[in-house]
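Accompanying notes for the structure given below.
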Amino acid sequence: MKRRDLAFVAVERTHVGRVRKLNEDRVLSRTALGLWAVADGMGGHQRGDLASGMIVDALVAIDPMDSGFAFLDNVQDVIQRVNRTLVAHARLSAPGTVIGSTVVVLLAFGGHYACLWAGDSRGYLLRGGRLDQITRDHSMVQELIDSGALNRADAPAFGRSNVITRAVGVQESLALDLHSGPIEGDDIFLLCSDGLTGMIDDHGIADVLTTSQSLDEAADRLLELTLAHGAKDNVSFVLIRADAAQDDTLQRLR
Numbered sequence: 001m002k003r004r005d006l007a008f009v010a011v012e013r014t015h016v017g018r019v020r021k022l023n024e025d026r027v028l029s030r031t032a033l034g035l036w037a038v039a040d041g042m043g044g045h046q047r048g049d050l051a052s053g054m055i056v057d058a059l060v061a062i063d064p065m066d067s068g069f070a071f072l073d074n075v076q077d078v079i080q081r082v083n084r085t086l087v088a089h090a091r092l093s094a095p096g097t098v099i100g101s102t103v104v105v106l107l108a109f110g111g112h113y114a115c116l117w118a119g120d121s122r123g124y125l126l127r128g129g130r131l132d133q134i135t136r137d138h139s140m141v142q143e144l145i146d147s148g149a150l151n152r153a154d155a156p157a158f159g160r161s162n163v164i165t166r167a168v169g170v171q172e173s174l175a176l177d178l179h180s181g182p183i184e185g186d187d188i189f190l191l192c193s194d195g196l197t198g199m200i201d202d203h204g205i206a207d208v209l210t211t212s213q214s215l216d217e218a219a220d221r222l223l224e225l226t227l228a229h230g231a232k233d234n235v236s237f238v239l240i241r242a243d244a245a246q247d248d249t250l251q252r253l254r
């Protein structure tokens with residue numbers, strides 16, 4: 001039976017949450033291009049809003065590429081340019097000013113994906129009913145877990161869980177981490193700010209994704225759960241599904 005080419009469907013949600021007055025998150029969904037992102041601004045007083053907005057605006061301006069390598073290089077270059085601009089802007093502000101943002105970006109090209117990130121905004125992949133985190137948080141908590149000084153089970157109660165160790169706009173030198181691999185039919189990717197993962201654990205996210213009948217239903221349920229749990233931060237996410245089904249096979253989560 002003949003397989004179809006990969007096609008993608010995406011839905012996004014962003015909400016100010018129950019506590020904050022300003023939504024400093026930004027989301028990007030350019031499904032036709034194969035480019036999605038979530039940026040979580042930091043700095044307060046609209047500086048975080050500026051940083052996350054600059055990242056998304058720069059990604060909006062990217063043109064289609066002829067190869068996956070060129071696509072990836074272009075996205076990396078764009079984020080690096082934003083980083084330099086934000087660092088320079090902060091220098092012109094009051095001492096100690098931070099104008100930064102975490103970011104997680106997903107690219108799809110030629111049956112493969114690449115996920116880039118800086119900070120604690122996360123990328124997940126649901127495949128065959130199993131949810132895996134494909135990013136690794138750049139945070140104090142993650143460093144303590146890696147060193148053995150903190151048990152993962154104790155991490156949610158750790159007092160400095162919001163301290164991140166890498167972000168766009170914070171230092172002149174920015175290292176973007178990368179995870180890549182092949183895409184399979186029915187794969188579902190989740191890109192999200194920590195406003196989601198701070199309220200719902202991985203088990204809860206997996207339960208929603210595997211029991212919902214559509215991406216819209218899954219997105220609505222994730223947002224409702226986050227708000228029900230208090231939504232102490234802005235919450236933003238993008239869900240992306242890859243369709244590569246055989247012609248006579250009905251797809252779940254349409």
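174 is the number that UniProt numbering gives to position 174 of the sequence shown; each next residue is one higher, with no gaps. The beta-carbon is built from N, C-alpha and C at its ideal position, and this holds for glycine as well.
Asked                                                                                                                                                                               : Found
Is the Cβ-Cβ distance between Val238 and Leu222 less than 8 Å?                                                                                                                      : no
In terms of residue numbering, what span does the beta strand (DSSP E) encompassing Asp66 cover?                                                                                    : Premise fails: Asp66 is in no beta strand (DSSP E) and is neither H nor E.
Do Leu116 and Tyr124 have their C-beta atoms within less than 8 Å of each other?                                                                                                    : no
Classify Ile205 as helix, strand or coil using the three-state DSSP reduction.                                                                                                      : helix
Please classify Thr102: does DSSP put it in a helix, a strand, or coil?                                                                                                             : strand
Tell me, which residues are paired with Pro182 by DSSP?                                                                                                                             : His112
In whole angstroms, give me the CA-to-CA distance for Asp194 and Gly128.                                                                                                            : 25 Å
If we ignore side chains and look at the alpha-carbon of each, how far apart do Thr85 and Thr102 end up?                                                                            : 15 Å
When burial is assigned at 16 or more other CB atoms within 10 Å of the CB, is Asn151 buried or exposed?                                                                            : exposed
For Arg136, list the residues DSSP reports as bridge partners.                                                                                                                      : Beta-bridge pairing links Arg136 to no other residue.
Measuring alpha carbon to alpha carbon, tell me which residue in Val75, Ile55, Asp202 is nearest Leu225.                                                                            : Asp202
Do Leu176 and Ala118 have their CB atoms nearer than 8 Å?                                                                                                                           : yes
Enumerate in chain order the residues of its own chain whose CB-to-CB distance from Ala10 is below 8 Å, with the five nearest sequence positions on each side excluded.             : Ser29, Thr31, Trp36, Leu215, Val238, Leu239, Ile240, Arg241
Kindly list the residues whose CB is nearer than 6 Å to the CB of Arg252, restricted to its own chain and excluding five residues on each side of it in sequence; keep chain order. : Because the pLDDT at Arg252 is just 46, under 50, the model does not fix this residue reliably, and the point stays unresolved.
Comparing C-alpha positions only, which one of Asp66, Val78, Gly68 sits nearest to Val60?                                                                                           : Val78
For the alpha helix (DSSP H) holding Leu28, just list the boundary residues, first then last.                                                                                       : Unbroken run through Leu28 is the beta strand (DSSP E), 25 to 30; no alpha helix (DSSP H).
Residue range of the beta strand (DSSP E) that Met42 falls in?                                                                                                                      : 35 to 42
Just to confirm the assignment, what range does the alpha helix (DSSP H) spanning Val168 have?                                                                                      : Val168 -> no alpha helix (DSSP H), and no H or E assigned at all.
Answer yes or no: do Phe109 and Gly34 have a C-beta to C-beta separation smaller than 8 Å?                                                                                          : yes
In three-state DSSP terms, what is Val163?                                                                                                                                          : coil
What's the C-alpha gap between Leu107 and Ala114?                                                                                                                                   : 5 Å
When the Cα atoms are used, what is the spatial distance from Met199 to Cys192?                                                                                                     : 12 Å
Look at the alpha carbon of Ala219 and the alpha carbon of Glu12, and state the distance between them as a whole number of angstroms.                                               : 7 Å
When the Cα atoms are used, what is the spatial distance from Asp233 to Val16?                                                                                                      : 7 Å
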